[in-house]
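Undergrad:
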Amino acid sequence: MTSLKINGKVHDVDLSPDTPLLWTLRDELGYTGTKFGCGMALCGACTVHVDGQPVRSCVTPVSAVGGKPVRTIESMASDPVGKAVQDAWVELGVAQCGYCQAGQIMTATALLKSNPKPTDEEIVAGMSGNLCRCGAYQRINAAVRLASQRLQGNRTGAKA
Ligand code: FES
Ligand code: FES
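If you're matching positions, the sequence shown starts at 4 in the numbering used here and goes up one per residue.
#1: For residue 9, list the residues DSSP reports as bridge partners.
#2: Three-state secondary structure (DSSP) at residue 59?
#3: For the alpha helix (DSSP H) containing residue 110, name the first residue and the last one.
#4: Confirm, please, whether the CB-CB distance from residue 84 to residue 51 is below 9 Å.
#5: Measuring from the CB of residue 28, is there a heavy atom of ligand 1 at a distance below 8 Å?
#6: Give a yes or no on whether the C-beta atoms belonging to residue 80 and residue 86 are separated by under 9 Å.
#7: Among the residues of its own chain, which have a CB less than 7 Å from the CB of residue 35, if the five just before and after it don't count?
#8: Less than 9 Å separating the beta-carbons of residue 139 and residue 98?
#9: Can you find a heavy atom of ligand 1 that lies under 8 Å from the Cβ of residue 69?
#10: For residue 31, collect the residues of the same chain with a Cβ closer than 6 Å to its Cβ; drop the 5 residues on either side in sequence, then sort them by chain order.
#11: Taking Cβ to Cβ, would you say residue 37 is nearer than 9 Å to residue 75?
#12: Where does residue 20 fall in DSSP's three states?
#13: How would you write the range of the beta strand (DSSP E) that residue 53 sits in, first residue to last?
#14: From the DSSP secondary-structure annotation, give me the bridge partner or partners of residue 64.
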């Protein structure tokens, strides 16, 4: 039995220790906001936060998580930075098909927590591991910039 702390709630799961966190979140616990893309740590669709760090849940076994707090897209609306990112996403109409977006938002939120005022180059570099088959990269980067500005108290907008 493994105890996982997901979005502040403890879940006891009876799974093999090598079960990927992504499978556990989606299939066992119903946190289906986190998406399966490649299953090989290549696309970022499955990104969640473990102990505040962005990780690829498709290749993270539950045994490596232990009691560390896990945050998923379902909790971002109650996180000040996550909320600012989501608001910027909506304002700039970032999503196209939407499939990559949960992972993008989790990576963007982690980026702004570690670097609240990233340069354009740092945004591109920080988001570069998250793939978007729809090619929404310009809007994604603009929304990260807008969220950063809003969190700094700058109310001026940003264009995609
Ligand atoms: S599904 Fe995990 S990185 Fe692609
Ligand atoms: S919005 Fe479609 S894959 Fe990114």
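C-beta atoms are modelled at their ideal positions from N, C-alpha and C, and glycine is treated no differently.
Owing to the predicted nature of the structure, the values given are computational and were not obtained by experimental measurement.
TA: The structure says:
#1: Looking at the DSSP assignment, residue 9 forms a beta bridge with 12 and 73.
#2: DSSP places residue 59 in strand when its eight states are reduced to three.
#3: Under the DSSP assignment, residue 110 falls in the alpha helix (DSSP H) whose first and last residues are 104-117.
#4: Not a contact, by the Cβ cut-off of 9 Å.
#5: No - ligand 1 has no heavy atom lying nearer than 8 Å to the Cβ of residue 28.
#6: With respect to the 9 Å criterion, residue 80 and residue 86 are classified as neighbours on the basis of their beta carbons.
#7: Once the five neighbours on either side are set aside, the close Cβ partners of residue 35 are 29.
#8: Contact flag set, yes.
#9: Residue 69: no, Cβ never under 8 Å from ligand 1.
#10: These residues qualify, in order along the chain: 16.
#11: In this structure, residue 37 places its C-beta atom within 9 Å of the C-beta atom of residue 75.
#12: Residue state, collapsed to three classes: coil.
#13: Here the beta strand (DSSP E) through residue 53 covers 50-53.
#14: 23.
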